[in-house]
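Chemist: Here it is, the structure, as C-alpha cells.
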Amino acid sequence: MNSTKNSGEAAINISKSTKHKALAYTSAIPLRQAPWKRGASIFDFILRLCAAAAALAAAATMGTTDETLPFFTQFFQFQASYDDLPAFTFFVVANAIASSYLVLSLPFSIIGIVRPQAAGIKLLLLIFDTQAVAAFTTAAAAAAAAIVYLAHNGNSTVNWLAICQQFTDFCQRVSGAVVASFIAAVILIFLIVLSAVALRSH
C-alpha cells in the first residue's frame, strides 16, 4: 500500500517538474528573442535619423541653389535657379515631405524599442516607408538625376547644350543634392528590408 502511494507521489512530482521545465523553456524563448528585436529597433531608429538628415540636406541644398553669371550690365545676365525646372521643384517638395515623415516616425520607432514584440507598429511603418516615402523619394531623385545628366553632358541630337561649363557652382550643388537624395532612398530601402525581417520573425 505504501509502495503504491510512494510511486504515485513520485509520478506526480515527476510530472510537476516536467511541467515546470516546459514552462521555463517556453518563457525563455521570448527572452532570447527580445535582445535581437530590440537591437533591430534601435538600428531602425538610427537609420531613420540618417535618412531624415540626408533627405533634409538634399531639399535644403537644392532649394537654395541659385547662380547668376557675372556680366558687365545688370540688364543682361544669365541666371540658373532650381525653380526654373519642374523636376527640381518636385525634388525639393518630395525630399521635404520625406524628411518630415521620417522625423514624425521617430516616436513610433522609439515605441518599437520599448516594446520589441509590437508587430502593429512595425507593419504601419513598413507600409508608409514603402508606399509613401521610398517610391516618392526614388522617383524625385531619378527625375532630378536625368536633368543633372543633361546639364553636365547636354544632348547634341536636340541641340541641348551642357550648361555646367558656365554654371559650375549650380551644377555642383544640384549634383550633391541628388546624391544625398539617393542616399536617403537607399537607407529607406534598407529600412523596409529590416522591418520585413522583423515582422517575419514574429
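Residues in the sequence shown are numbered consecutively from 1, following the UniProt record's numbering. Beta carbons: idealized from backbone N, C-alpha and C, even for Gly. The structure presented is a predicted model; accordingly, all values stated were derived computationally and were not measured.
1) Can the beta-carbon of D129 be found less than 7 Å from the beta-carbon of I192?
2) Would A146 and A58 qualify as a contact pair, given that the criterion is a beta-carbon distance under 7 Å?
3) How many angstroms separate the CA atom of E9 from the CA atom of Q117?
4) Can you say whether A135 is buried or exposed, counting buried as having 16 or more other CB atoms within 10 angstroms of its CB?
5) What first and last residue would you give for the alpha helix (DSSP H) that runs through A80?
6) For D83, is the classification buried or exposed, using 16 other Cβ atoms within 10 angstroms of its Cβ as the cut-off for buried?
7) To test your reading of the DSSP string, which unbroken alpha helix (DSSP H) runs of 4 or more residues are found completely within the region 128–158?
8) Of all the options T61, L47, I46 and A40, which has the alpha carbon lying nearest to the alpha carbon of Q172?
9) For S156, count neighbouring Cβ atoms within 10 angstroms of its own Cβ and tell me buried if that reaches 16, exposed if not.
10) Can you tell me which of the three DSSP states A168 falls into?
11) By how many angstroms is the C-alpha of S175 removed from the C-alpha of F108?
12) What separation, rounded to the nearest whole angstrom, lies between the Cα atoms of V103 and L47?
13) Could you check the C-alpha separation between F170 and T64 for me, to the nearest Å?
14) Could you say which of L194, N159 and H152 lies nearest to Q165 if we only look at CA atoms?
15) From what residue to what residue does the beta strand (DSSP E) around T68 run?
16) How would you write the range of the alpha helix (DSSP H) that L104 sits in, first residue to last?
17) Could you tell me the alpha carbon to alpha carbon distance between D44 and A54, rounded to whole angstroms?
Modeler: Walking through what the data contain:
1) yes
2) It is not a contact, given that the beta carbons lie outside the stated cut-off.
3) No answer about E9 holds up, because its pLDDT of 48 lies below 50 and its placement is not dependable.
4) exposed
5) First-last for A80: Q79 to S81, but that is the beta strand (DSSP E), not the alpha helix (DSSP H).
6) exposed
7) 135–153
8) T61
9) exposed
10) Before going further, note that residue 168 is Thr rather than Ala in the sequence given. The answer is helix: DSSP assigns T168 an H, G or I state.
11) 33 Å
12) 11 Å
13) 10 Å
14) H152
15) D66 to T68
16) Where L104 is concerned, the enclosing alpha helix (DSSP H) stretches over P86 to L104.
17) 15 Å
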